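Since the structure comes first, as structure tokens, the remarks are kept for the end.
There are 4 protein chains.
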Amino acid sequence: MRAWLQGLIAEGPFPPRRAVFFRSALVVCIVVSTAIAILDTSEGIWGQHEELARDFSALLLLVLTADYGLRLLTAGFSPQEGETALKARLRYTLSLYGIFDFMAVVPFLVGEAFDLPRDGATIFGILRFLKLARYSPALETLGVVVLNELRPLLASLFIMLLMAIASSTLLYFAERSVNPGFKSVSDAMWWSIVTLSTLGYGDVVPTTVLGKLLGSVVAVLGLCMFALPASILASGFSEEMRRQNFVSTWHLVAKVPFFARLQANQIAEIASLLKLSRAIKGEVLMREGDTGECMYFIVSGQVEVKGKGGTFVLKNGDFFGEIALIERCPRTATVKAISRCQLLVLDARDFHKFVAHDHALLEVIWETARSRMAMDNIQPSGGGLPPVPKA
Amino acid sequence: MRAWLQGLIAEGPFPPRRAVFFRSALVVCIVVSTAIAILDTSEGIWGQHEELARDFSALLLLVLTADYGLRLLTAGFSPQEGETALKARLRYTLSLYGIFDFMAVVPFLVGEAFDLPRDGATIFGILRFLKLARYSPALETLGVVVLNELRPLLASLFIMLLMAIASSTLLYFAERSVNPGFKSVSDAMWWSIVTLSTLGYGDVVPTTVLGKLLGSVVAVLGLCMFALPASILASGFSEEMRRQNFVSTWHLVAKVPFFARLQANQIAEIASLLKLSRAIKGEVLMREGDTGECMYFIVSGQVEVKGKGGTFVLKNGDFFGEIALIERCPRTATVKAISRCQLLVLDARDFHKFVAHDHALLEVIWETARSRMAMDNIQPSGGGLPPVPKA
Amino acid sequence: MRAWLQGLIAEGPFPPRRAVFFRSALVVCIVVSTAIAILDTSEGIWGQHEELARDFSALLLLVLTADYGLRLLTAGFSPQEGETALKARLRYTLSLYGIFDFMAVVPFLVGEAFDLPRDGATIFGILRFLKLARYSPALETLGVVVLNELRPLLASLFIMLLMAIASSTLLYFAERSVNPGFKSVSDAMWWSIVTLSTLGYGDVVPTTVLGKLLGSVVAVLGLCMFALPASILASGFSEEMRRQNFVSTWHLVAKVPFFARLQANQIAEIASLLKLSRAIKGEVLMREGDTGECMYFIVSGQVEVKGKGGTFVLKNGDFFGEIALIERCPRTATVKAISRCQLLVLDARDFHKFVAHDHALLEVIWETARSRMAMDNIQPSGGGLPPVPKA
Amino acid sequence: MRAWLQGLIAEGPFPPRRAVFFRSALVVCIVVSTAIAILDTSEGIWGQHEELARDFSALLLLVLTADYGLRLLTAGFSPQEGETALKARLRYTLSLYGIFDFMAVVPFLVGEAFDLPRDGATIFGILRFLKLARYSPALETLGVVVLNELRPLLASLFIMLLMAIASSTLLYFAERSVNPGFKSVSDAMWWSIVTLSTLGYGDVVPTTVLGKLLGSVVAVLGLCMFALPASILASGFSEEMRRQNFVSTWHLVAKVPFFARLQANQIAEIASLLKLSRAIKGEVLMREGDTGECMYFIVSGQVEVKGKGGTFVLKNGDFFGEIALIERCPRTATVKAISRCQLLVLDARDFHKFVAHDHALLEVIWETARSRMAMDNIQPSGGGLPPVPKA
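Protein chains in written order, with this note's numbering: chain U, 574 to 964; chain V, 574 to 964; chain L, 574 to 964; chain P, 574 to 964.
This is the structure:
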């Protein structure tokens, strides 16, 4: 029972089937519940179906409450070393996701019980959306990026503030006598922000010639300066995503015997070239006759290879797809996943850059390829690879 | 006849002349036909020429129908191994481009026959534009990029949604009592989206001091956050374009005997340095006296070299333009394509980085250059290249 | 006394406690003082508290005046070689920050004394904000970037001007007869700038069909062209930030004995991989059981390492966190700063790329790791690192 | 006389003094003349000074005519091999800049002579701005970039068109019955373009719920898709700028004897690290006591080095500034240009990465540095550089 409940909220690459269902149901509940809280602020939107919306909303809340209870319960099942179940539950309650789960249900229930003002219900109803954060790495990644790039971000913020202050002061003096939108520097500041961020609502617009001249300069400068933080965040974000991919690949590489012969620096190099990929049962990974632009290493799971020479099964630690890379020919076999698989994918370009100049590595791949081609009656050409001593 | 029809819709780098004509005519037909369908929604735009527009539109439809018939017919001419002509045609019909071709004509004809509502004619008329997708790699590339970058894209979508929800909730509470544009959270959401995407229509604008303060923060944050997906897509798109270029160059390199002596990892390296270029018959590739910043390898076709020492012809497998790179001098000859050519271009910088430190390669180029310079009576200086054993 | 005063305005990574307080107080004063100057332009904003605002403003001015006096005084305490105290003070007065400090107080005081117009007070009140520039590298960095990238920036400015002129001329001819916003080319120029910078106020909008067509093209081209300077500045800015980081890291590397054995080119390489980090007293740098993705080198300060095998102290020149990188295991100890520390951080990826293939370096790290693991009773596995001769 | 006239319009890095004056005067004339043509379209802007403006304009035209005549004349002075003076002048007349020069004066004069409509005067008056193109590499660079990146640019243009068509069709059906801005697909297209380019004039805005929902999606997608061409152009532009810098540096490197010992691939490597810099007579290149972050190679010109050990002069082929890089100490001398200089600058980071691991190179620099330090009585430390055999 305990295991079943824990499985219900399990995460990781291959959760049990019930976890997939539960998660999907929960995501739908959260989205619908947030949507109802948002729509609820439009008066009379439900028309005569208000009762129905109310009931449906209560039903969703029930699911969210059940989810919170479940997580609180299971948090106590696997305490860390030297921790009581109670302490483990307390740790969950005070964790970020625990607080999000709490906010999704408790304040609302308290509000209902004590007949508190409706605004609270709206706020906490909308905050339910934060429960989704558990399923997306985005918020954590963004946090890391903001911390990493704090200095350049603050620097560009300072520049932006300086520009906003300078441009609103200038426009205030240019327009104050004729334009009510610039009758004080703080009013002009609203125009500055709207202009520098290239929003351009048009509710406040310079009307004098001098104002338009200054406004033009501000517009162009704003375009340049306000791109700084956007660009810092954007490049930091993709760098961080790449780094996370490296770390997860790096740990998986150790599980593939083929890479065991590599030295640490080679592993670090190939780990940044490999891309992690997953396949579900029955997925076709390559089709005979297609152009082949990558090879695969199996981390876990099994695939079925169906070529001219027959059918065989490959499992974790094996690789496939190397023939098309060595021979520059179309795929010579069709490969289908016969269980859930984790795969590491190596591009044609990276294959030749990395693998092909390491004789020991190449020999292993070459030998495998040759024996497979013999099975399919394909004549090896070598595709420009250096000659390898006959096995 | 079969070959003639197949040639009519042939693709690839050098299609027959009739294919070029047919394709151009078809592109014009598609563009004009889409334009007519769009303009047709403006009432009375044709004035008294409505009959003419109707007739012209029918004519265009005829061409598109002919194109569909032609493709359906020829699809059966070259079936894959173990496929009947019928099955090959069915495969075309169900392919993406087959469906686009189908949608361009059939629904319209059906609608005309059965006198269906005019909206359908409008929709399918506009959808004809999709037929152009066949001639642009953009849609496929974009699809690949979106799949490759799915995780970061979804992550940034989540951040955007979170920001939209948070900012509309905040503004709703700040402005709801005085501003009809914020009278519910869903109304405020429209403002949020318009602001976060830096559109700034100005139909809904915060008017209170608190609203403007919050709006300023939202505008600046929006600028930063909404740049994430744009930047992810943009860098993924150019990366994918570069990868496609690598793959096509990599296959062409194998056709140039000069590169045959390279090892696989060197081929992979040079393939990412080379750029593919095409020349039509009569095109002048370099002119004596110009500054020379690259050398060329001929993949297919022939060129005529006219220098001080006379005129000679080079064909596929040969290279030219190396003297200017070695001697850092202006071009010593004028080179003209005398047939359609596929060329691989190597930059000065890449030449020196890659070719010049490989003695074997260098010797070949050097020897060729020396014999050509002898013909033109140019004194070789070496331009900093290491001495090469005399041939 | 002299030293105490100098300490008050000391800068650098670890200023004395009083400098931190003084700086914080000053920043608050500057921000509040600027804010008051801005708000002061809104008539009647203080209501009946005007007297209070006036007094408070005077108080802030007193602090800023004291700061200026202090800086002027201390500038004379440490003159450069062969300089009198007076000359050193004059140098400060004429330096950029000296001028900012001067403008923050003197013009205002002069204005008050001679009853000059209020606009001056507003301007110089707002200019106080520039005093903050001392605490942000942003302005200097931006200046360097603009100088470095002057040629491409001017080039893109020229393109932008050309586009603005061309598009306003075109729209002027298309719209002049019907649209008052385009009744001269200079009027149309305002529309051009607002459109090309994607502001789109909407105060002037083309209304004819031709105007809208041209406007569409201008909008799309503007999007492309006006991204040029933004992108040049943004990439220059992050490049410059990275360069500044390199220079400061490069100087610190020399202080870590561990790096003394490296050759100059290796130092230059690792200096661009290391990131500078600071820790305050009591900060926990890593926690036992966490995933470990970097190792640390101590430049200055002391840390306490608490593992299973006991507690020990590391000081400047030592490193820690290497076990998790070599063994790919979670952290085996908790590390806390017991004084203010400057640390150099090396990423897992960079560790393996740089350190692991240098046998001499690796041996040092490996030996330390092994002796520490022995203390904690951890069995070394090697994590793919090459075998090292037993010590 | 001929030489004097040719010198007047000379270009290149160090033109004679009269060329600098002439160019400056011409730029001012062009800018003012264009400005007058623009302002001239505002009726009554000159008030009673119309006569004056007319006269001044005629004066400027005289200068431009003189410039055209001068260029036409001097074009015949230095014909290419086997070309008559007339043919050389014709070549200039038909060159791009020749046409710009022609358009700046001839059509206007013709117009005046034959009393042609005023619009022509306006157009050709504004087109004078194109004469400036001669002094900016921007237009040429942009042309090269657009040609280089034609395929991805067209691909993204296709995506943009597709999005504009799809979104205007969708919004047309959503809004046509209630919103006059969407009463036909072509009307909706205006909204699409304005929205997809994030302009957001606000003249046409969706008003229905469905319209706003679709509009939100279009806004976000537009943000992503319309960043593609901007990003392609921006990265192509800076890549091209970098490439142009490489080519000019690469040619200059050959003039510095110090680099003569390098092999071609090393030259190509260092040429992409060096930055070209120019100094006018009297400019101070470094000041004793400053932090030193780069060293200089003199391509042409002379500098004066003033250190503790005395003053000496360096000329083309020499280098300076190396001590601060080797010793990581502040500058030990002040260096001033005593004639116009072309310099190649090498960064600290690049110095250590490139120079320091090449023993032969290092020895030369080291020896020079040691002898200079001996003169200034500085004790060499070596700064982590490998020991060099005593000279």
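Note that the Cβ used here is the ideal one computed from N, Cα and C, for glycine as well. Just so you know, these numbers come straight off a predicted model, no measurement behind them.
- Message: DSSP three-state label for P/F650, please.
- Response: Position 77 of the fourth sequence, counted from the start, is the residue given in the question as residue 650 of chain P. P/F650: coil per DSSP, three-state reduction.
- Task: Determine the direct distance from the alpha carbon of V/E584 to that of V/Y665, and round the result to whole angstroms.
- Result: In the second sequence, the residue the question calls residue 665 of chain V occupies position 92. In the second sequence, the residue the question calls residue 584 of chain V occupies position 11. Here the C-alpha atom of V/Y665 lies approximately 16 Å from the C-alpha atom of V/E584.
- Query: CA-CA distance, V/I618 and V/T607?
  - Reply: On the second sequence, position 45 is the one that residue 618 of chain V refers to. On the second sequence, position 34 is the one that residue 607 of chain V refers to. Distance from the CA atom of V/I618 to the CA atom of V/T607, rounded to whole angstroms, is 15 Å.
- Message: Considering just the uninterrupted stretch of the beta strand (DSSP E) at V/M868, what are its terminal residues?
- Response: Numbered from 1 along the second sequence, position 295 holds the residue referred to as residue 868 of chain V. According to the DSSP assignment, V/M868 belongs to the beta strand (DSSP E) that extends over 867-873.
- Message: When you compare the CB positions of U/A610 and U/G693, do they come within less than 8 Å of one another, or not?
- Response: Numbered from its first residue, the first sequence carries residue 610 of chain U at position 37. Numbered from its first residue, the first sequence carries residue 693 of chain U at position 120. Contact: no.
- Using the Cα positions of P/L726 and U/T742, report the straight-line distance between them to the nearest angstrom. As a first step, residue 726 of chain P must be located in the fourth sequence, where it is residue number 153. As a first step, residue 742 of chain U must be located in the first sequence, where it is residue number 169. Straight-line spacing of the CA atoms in P/L726 and U/T742 works out to 41 Å.
- Apart from the five residues just before and just after U/K881, which ones in its own chain have a Cβ nearer than 6 Å to its Cβ? On the first sequence, position 308 is the one that residue 881 of chain U refers to. Hits under 6 Å: D949.
- Task: Mind listing the chain L neighbours of U/I766? Cutoff is C-beta to C-beta under 7 Å, in chain order.
- Result: Working through the first sequence from its first residue, we reach residue 766 of chain U at position 193. Chain order gives no chain L residues near U/I766, where near means a beta carbon separation below 7 Å; the closest approach is about 12 Å.
- Task: Return helix, strand or coil for U/C914, following the three-state DSSP convention.
- Result: Position 341 of the first sequence holds residue 914 of chain U. U/C914: strand per DSSP, three-state reduction.
- Message: Let's test the definition: count the other Cβ atoms within 10 Å of the Cβ of L/S770 and tell me whether it reaches 16, buried, or not, exposed.
- Response: For the purposes of this step, residue 770 of chain L is identified with residue 197 of the third sequence, where counting begins at 1. Looking at its Cβ environment, which holds 16 or more other Cβ atoms inside 10 Å, L/S770 is buried.
- Task: Identify each residue in the segment 782-807 of chain V for which the Cβ-Cβ distance to at least one residue of chain A is less than 9 Å, and report them in chain order.
- Result: Protein chains U, V, L and P are contained in the structure displayed, whereas chain A is not.
- Report the neighbours of L/G754 on chain V: residues whose CB is nearer than 7 Å to its CB, in chain order. As a working note, residue 754 of chain L is residue 181 in the third sequence. In chain V, no part has a C-beta under 7 Å from the C-beta of L/G754; the shortest such distance is about 16 Å.
- L/D776 at chain U interface by Cβ criterion, 8 Å: Start at 1 with the first residue of the third sequence, and residue 776 of chain L comes out as number 203. L/D776 belongs to the set of residues whose beta carbon lies under 8 Å from a beta carbon in chain U.
- Message: What does the alpha-carbon distance come out to for the pair L/F629 and L/L723?
- Response: In the third sequence, the residue the question calls residue 629 of chain L occupies position 56. In the third sequence, the residue the question calls residue 723 of chain L occupies position 150. Straight-line Cα distance between these residues: approximately 44 Å.
- Message: For V/Y745, which residues in the same chain have their Cβ closer than 6 Å to its Cβ, ignoring the five residues on either side in sequence?
- Response: Counted from its first residue, the second sequence places residue 745 of chain V at position 172. Excluding sequence neighbours, V/Y745 sits near F755, V758, A761.
- Query: So, is the C-beta of L/G671 closer than 8 Å to a C-beta in chain U?
  - Reply: Here residue 671 of chain L corresponds to residue number 98 of the third sequence, with the count starting at 1. It does not; no Cβ of chain U falls within 8 Å.
- Task: Taking all protein chains shown into account, decide if L/S740 is buried (16 or more other Cβ within 10 angstroms of its Cβ) or exposed.
- Result: The residue given as residue 740 of chain L occupies position 167 in the third sequence. Of the residues assessed, L/S740 falls on the buried side of the cut-off, its CB having 16 or more other CB atoms within 10 angstroms.
- Message: Can you tell me whether U/S765 is helix, strand or coil according to DSSP?
- Response: Numbered from its first residue, the first sequence carries residue 765 of chain U at position 192. U/S765: helix per DSSP, three-state reduction.
- Report yes or no: is there a C-beta of chain L within less than 8 Å of the C-beta of V/K963? Walking along the second sequence from the start, residue 963 of chain V turns up at place 390. Interpretation of V/K963 is limited by its pLDDT of 42, a score under 50 that renders its predicted location unreliable; the figure taken from the coordinates is listed afterwards. Closer than 8 Å: no.
- Task: Report yes or no: is there a C-beta of chain P within less than 8 Å of the C-beta of L/F819?
- Result: Translated into positions along the third sequence, residue 819 of chain L becomes position 246. For L/F819, the nearest CB of chain P lies under 8 Å from its own CB, placing it at the interface with that chain.
- Member of V/K909, V/S873, V/S821, V/L663 whose CA lies at the smallest distance from the CA of V/K854: Along the second sequence, one-based indexing puts residue 854 of chain V at 281. The alpha carbon of V/K854 has as its nearest neighbour, out of V/K909, V/S873, V/S821, V/L663, the alpha carbon of V/K909.
- Evaluate contact between the segment 889-909 of chain L and the segment 858-870 of chain L, counting only Cβ atoms and requiring at least three cross-stretch pairs below 8 Å. Below 8 Å, enough C-beta pairs join the segment 889-909 of chain L and the segment 858-870 of chain L to call them touching: three or more.
- Query: Going along chain V, which residues have a C-beta under 9 Å from P/Y665?
  - Reply: Locating residue 665 of chain P in the fourth sequence gives position 92, where the first residue counts as 1. Correct list: empty, because the minimum Cβ distance to chain V is about 17 Å.
- Message: If we define contact as Cβ-Cβ less than 8 Å, is V/G809 a contact residue for chain L?
- Response: Walking along the second sequence from the start, residue 809 of chain V turns up at place 236. Contacts with chain L at 8 Å (Cβ-Cβ) do not include V/G809.
- Sequence-distant residues of its chain with Cβ nearer than 6 Å to L/L700 (five each side left out): Numbered from 1 along the third sequence, position 127 holds the residue referred to as residue 700 of chain L. M676.
- Would you give the residue range spanned by the alpha helix (DSSP H) that L/V549 belongs to? Nothing about residue 549 of chain L can be reported from this structure: the residues present for chain L run from 574 to 964 only.
- Those residues which DSSP pairs with P/K879 across a bridge: As a working mapping, residue 879 of chain P is identified with position 306 in the fourth sequence. According to DSSP, P/K879 bridges with P/T884, P/T907.
- CB of L/V876 within 8 Å of CB of L/L858, strictly: In the third sequence, residue 876 of chain L corresponds to position 303, counting from 1. In the third sequence, residue 858 of chain L corresponds to position 285, counting from 1. Contact flag set, yes.
- Item | P/A852: first and last residue of the uninterrupted beta strand (DSSP E) it sits in | Locating residue 852 of chain P in the fourth sequence gives position 279, counting from the first residue. Counting along the chain, P/A852 sits inside the beta strand (DSSP E) bounded by residues 848-852.
- Message: Is there a Cβ of chain P sitting closer than 8 Å to that of L/E842, yes or no?
- Response: Residue 842 of chain L sits at position 269 when you count from the first residue of the third sequence. Yes, L/E842 counts as interfacial toward chain P.
- Task: Could you work out which residues of chain L lie near V/G874, taking near to mean beta carbons separated by less than 8 Å?
- Result: Here residue 874 of chain V refers to the residue found at position 301 of the second sequence. Going along chain L, no residue has its Cβ under 8 Å from V/G874, so there is no contact; the nearest lies around 34 Å.
- Item | Under 9 Å (Cβ pairs) to chain V, residues found in the segment 725-759 of chain P | Answer set for the segment 725-759 of chain P: P725, L727, A728, S729, L730, F731, I732, L734, L735, I738, A739, S741, T742, Y745, F746, R749, K756, S757, V758, S759.
- Identify every residue that forms a DSSP beta bridge with P/L825. Looking up residue 825 of chain P in the fourth sequence gives position 252. Note: P/L825 sits in no beta bridge, so no partner.
- Query: Residues of chain L with CB under 7 Å from P/M676, in chain order?
  - Reply: As a working mapping, residue 676 of chain P is identified with position 103 in the fourth sequence. Going along chain L, no residue has its Cβ under 7 Å from P/M676, so there is no contact; the nearest lies around 14 Å.
- Message: Using a 10 Å radius around the Cβ and a threshold of 16 neighbouring Cβ atoms, would you call V/S615 buried or exposed?
- Response: Residue numbering aside, residue 615 of chain V sits at position 42 when the second sequence is read from its first letter. V/S615 is exposed by the Cβ-count criterion.
- Item | L/T695 and L/E813 closer than 8 Å at C-beta | Taking the first residue of the third sequence as 1, we reach residue 695 of chain L at position 122. Taking the first residue of the third sequence as 1, we reach residue 813 of chain L at position 240. No, the pair does not count as a contact, with Cβ atoms beyond the cut-off.
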